[in-house]
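No gaps in the numbering here: position 99 of the sequence shown is 98 in numbering that gives the first Met the number 0, and each next residue is one more.
Glycine included, C-beta positions come from ideal geometry on N, C-alpha and C.
Small disclaimer: the values here were computed from a predicted structure and weren't measured.
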Amino acid sequence: MYMNKRQREMSLFDQSNQKYILGTLSNTGFNVEDLENIDGKSQYVCQIVESGLTGVIYKLKSNGFYNLKRKRKTSKVKNVDGQLSFLNELMCRSKILEHQEHLISLKNGIIKTIYADYRKGILLSEWIDGEHPEVLDVDWIQDTINITLDLQKIGLFEWDLSRGNILVKDNKVKLFDFGYCYQFDPLVDYNSEGVNEPRFHALERLETRYLMLELYKNQRIKGKAEMLQLYKEIKMAGIKSYLDHNKYLEANGASTQVLEHFHNIIEEWRKGISNIQELEKLYIKDVLRSHLLDIHDDLSGKSCTQNTLLRIMHLKELTDEYQWNIIAPLVDYNKKEKFLEDLHSFHEGALKYQHS
Ligand SMILES: Nc1ncnc2c1ncn2[C@@H]1O[C@H](COP(=O)(O)OP(=O)(O)OP(=O)(O)O)[C@@H](O)[C@H]1O
Ligand SMILES: [Mg+2]
0 MYMNKRQREM
10 SLFDQSNQKY
20 ILGTLSNTGF
30 NVEDLENIDG
40 KSQYVCQIVE
50 SGLTGVIYKL
60 KSNGFYNLKR
70 KRKTSKVKNV
80 DGQLSFLNEL
90 MCRSKILEHQ
100 EHLISLKNGI
110 IKTIYADYRK
120 GILLSEWIDG
130 EHPEVLDVDW
140 IQDTINITLD
150 LQKIGLFEWD
160 LSRGNILVKD
170 NKVKLFDFGY
180 CYQFDPLVDY
190 NSEGVNEPRF
200 HALERLETRY
210 LMLELYKNQR
220 IKGKAEMLQL
230 YKEIKMAGIK
240 SYLDHNKYLE
250 ANGASTQVLE
260 HFHNIIEEWR
270 KGISNIQELE
280 KLYIKDVLRS
290 HLLDIHDDLS
300 GKSCTQNTLL
310 RIMHLKELTD
320 EYQWNIIAPL
330 VDYNKKEKFL
340 EDLHSFHEGA
350 LKYQHS
């Protein structure tokens, strides 16, 4: 199986017996054996969340509430990154711990790690009092963009901004799942793919993993005009955060290439919000990109849901609603027939790999 450098290094570490421990259990009321032996019957357990693909989550009570993430023997995401995601999460948590005390948004917006032992497959954190977002409110969206960009400042690029990985309370966000967050140099790279993949960035990640599907659900209830208004507000939030981020990058000596990259994104969004025709063009582009990427991701990890099917349905609808000459330049397809054929096989794959 092909592995990139990061994956090879992580796999070697995984196969070694080297210890990997973060933090301390003092003041928690637990010892390592307690955590190793936790199961549904333990006195400490007050809630179990089984939905995670990497780990099983236990809400524990001792002198306060805690979150214990127990590594699954094999991740339900059946590709290399899926199998390495628990190790990856620990590596990111370690880096976040280094910076959390002096970066206020990381202190407020990122989970506090208390203790982890990779070989025992345990990760203990604070319990976050919050809910997954219910409505698309621009305040929490702005907060998510800002926290994600602050992670980028410390050299971490978060890829998996799905709804299940965001908890919100009073429109304030906490991020807590770093299974698919990789290191990069924000001053010379666009993301953890270096400068090879300019299409991936903070708001794109949130749109691709979550917002574009949610906007579609919104449109089905409230209509297109209201959905587009919300989409415009999201882009305005993006412009605001990206302008600040670019100032930071400039002040810290980022390369001209990186500064131009962000500048171009901002300009594209500015044009997009300038009138309704431009807005709709930008919207179609984001929908096509988001759904195609996410469908490929789900199929490659063999982990599809009803949402995968909904995305495929939306793409099919777009081909009915818009002329092919509008769609063609935004996708890697010359012929509409081939696009429709692929949508059909995506649909069959998504049915086959439904896991919930
Ligand atoms: N610290 C926490 N406080 C409250 N709830 C949490 C916490 N950590 C996780 N959860 C809940 O457990 C769920 C699964 O957690 P998490 O995303 O860390 O697991 P995962 O196996 O990595 O998930 P994924 O399927 O995204 O790979 C979250 O969606 C959230 O609802
Ligand atoms: Mg998760």
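Original post:
How would the residue list near ligand 2 read, in chain order, if you kept each one whose beta-carbon is closer than 6 angstroms to any heavy atom?
Top reply: Ordered along the chain, residues surrounding ligand 2 are Gly51, Gly163, Asn164, Asp176 [Cβ under 6 angstroms from any heavy atom].
Exercise. May I ask which residues mark the beginning and end of the beta strand (DSSP E) holding Phe156?
Key: As a working mapping, residue 156 is identified with position 157 in the sequence shown. Where Phe156 is concerned, the enclosing beta strand (DSSP E) stretches over 155-157.
Per DSSP, cross-strand counterpart(s) of Lys171: Taking the sequence shown and counting its residues from 1, one reaches residue 171 at position 172. Lys171 is bridged by DSSP to Lys168.
Kindly examine ligand 1 and report whether one of its heavy atoms sits closer than 7 angstroms to the Cβ of Asn274.
Here the question's residue 274 lines up with position 275 in the sequence shown. Annotation for Asn274 indicates a beta carbon at 7 angstroms or more from all heavy atoms of ligand 1.
Let's see if you can read the secondary structure: which residues bound the alpha helix (DSSP H) around Asn217? Start at 1 with the first residue of the sequence shown, and residue 217 comes out as number 218. Note, Asn217: alpha helix (DSSP H), 211-221.
Inset, instruction - Express the C-alpha separation of Glu133 and Lys340 in angstroms, rounding to a whole number. - result: Stepping through the sequence shown from its first residue, residue 340 is reached at position 341. Stepping through the sequence shown from its first residue, residue 133 is reached at position 134. Rather than Lys, the amino acid found at residue 340 in this sequence is Glu. In a straight line, the C-alpha of Glu340 is about 34 angstroms away from that of Glu133.
Fill in: Of the residues Arg71, Lys40, Ile238, the one placed nearest Gly271, counting alpha carbons only
Your numbering for residue 271 matches position 272 in the sequence shown. Looking at the Cα atoms, Ile238 is the closest of the given residues.
Item to complete: Count the other C-beta atoms from every protein chain shown that fall within 10 angstroms of the C-beta of Ala250, then say buried if there are 16 or more, exposed otherwise.
Response: Looking up residue 250 in the sequence shown gives position 251. When all chains shown are included, Ala250 counts as exposed.
Across the segment 109-124 and the segment 83-92, are there enough close Cβ pairs to call them in contact, namely three or more that are closer than 8 angstroms?
As far as the Cβ criterion goes, the segment 109-124 touches the segment 83-92, which means the pair count is three or higher.
Notebook entry, point to check: Whose CA, out of Glu279, Lys111, Thr27, Lys106, lies closest to the CA of Lys234?
Noted result: In the sequence shown, residue 234 corresponds to position 235, counting from 1. Ranking Glu279, Lys111, Thr27, Lys106 by Cα distance to Lys234 puts Glu279 first.
Note to self: I'd like to confirm something about Asn306: is its beta-carbon nearer than 7 angstroms to some heavy atom of ligand 1, or not?
What the structure shows: In the sequence shown, residue 306 corresponds to position 307, counting from 1. For ligand 1, not one heavy atom lies less than 7 angstroms from the Cβ of Asn306.
Nearest to Glu213 by CA position, among Phe261, Thr307, Asn16, is which residue?
By one-based count along the sequence shown, residue 213 stands at place 214. Taking only the C-alpha atoms, the option nearest Glu213 is Thr307.
Quick one: does the C-beta of Ser84 sit closer than 7 angstroms to a heavy atom of ligand 3?
As far as ligands go, the structure on display features ligand 1 and ligand 2 and does not contain ligand 3.
Enumerate in chain order the residues of its own chain whose CB-to-CB distance from Asn170 is below 8 angstroms, with the five nearest sequence positions on each side excluded. To locate residue 170, count along the sequence shown from 1; it is residue 171. Answer for Asn170: Asp136, Asp138, Trp139, Asp142, listed in chain order.
Exercise for the section: Could you spell out the range, first to last residue, of the beta strand (DSSP E) harbouring Arg69? Expected result: As a first step, residue 69 is located in the sequence shown; it is residue number 70 there, counting from the start. In the DSSP assignment, Arg69 falls within the unbroken beta strand (DSSP E) covering 63-70.
Nearest candidate by alpha-carbon position, reference Val172, set His131, Asn87, Gln17 | Mapped onto the sequence shown, residue 172 falls at position 173. Ranked by Cα distance from Val172, the options His131, Asn87, Gln17 are led by His131.
*Can you list, in chain order, the residues of its chain whose CB lies under 6 angstroms from that of Phe338, leaving out five sequence neighbours each side?*
Locating residue 338 in the sequence shown gives position 339, where the first residue counts as 1. Tyr332.
- Query: Does the pairing of the segment 342-351 with the segment 310-324 give three or more beta-carbon distances under 8 angstroms?
  - Reply: Output reads yes: the segment 310-324 touches the segment 342-351.
Next on the checklist: So for Val286, helix, strand or coil by DSSP?
Outcome noted: One-based indexing of the sequence shown puts residue 286 at position 287. It is helical.
Report yes if the CB atom of Leu329 is closer than 8 angstroms to the CB atom of Ile283, and no otherwise.
Translated into the one-based positions of the sequence shown, residue 329 becomes position 330. Translated into the one-based positions of the sequence shown, residue 283 becomes position 284. Result yes, Cβ atoms of Leu329 and Ile283 sit closer than 8 angstroms.
At least 3 beta-carbon pairs within less than 8 angstroms: the segment 161-169 vs the segment 66-83: With a cut-off of 8 angstroms, the segment 66-83 and the segment 161-169 do not count as touching, because too few Cβ pairs lie within range.
| For Glu32, which of helix, strand or coil comes out of DSSP? | In the sequence shown, the residue the question calls residue 32 occupies position 33. If DSSP states are grouped into helix, strand and coil, Glu32 belongs with the helices.
Check your understanding: Just to confirm, does Lys68 get its C-beta within under 7 angstroms of one of the non-hydrogen atoms of ligand 1?
Key -> Taking the sequence shown and counting its residues from 1, one reaches residue 68 at position 69. Yes, ligand 1 has a heavy atom inside 7 angstroms of this Cβ.
Q) Looking only at DSSP bridge pairs, what is Leu20 linked to? A) Taking the first residue of the sequence shown as 1, we reach residue 20 at position 21. For the record, residue 20 in the displayed sequence is Ile; it is not Leu. Its beta-bridge partners are Asp116.
query = Roughly how many angstroms lie between the CA atoms of Gly193 and His354, to the nearest whole one?
reply = Counting from 1 along the sequence shown, the entry for residue 193 is found at position 194. Counting from 1 along the sequence shown, the entry for residue 354 is found at position 355. In this structure, the straight-line span from the alpha carbon of Gly193 to that of His354 is close to 33 angstroms.
Shorter than 7 angstroms, the distance from the beta carbon of Asp188 to the closest heavy atom of ligand 1, or not? Taking the sequence shown and counting its residues from 1, one reaches residue 188 at position 189. For ligand 1, not one heavy atom lies less than 7 angstroms from the Cβ of Asp188.
Less than 7 angstroms between C-beta atoms, sequence neighbours within five positions excluded: which residues of the same chain meet that for Asp285? Taking the first residue of the sequence shown as position 1, residue 285 is located at position 286. Hits under 7 angstroms: Glu206, Met211.
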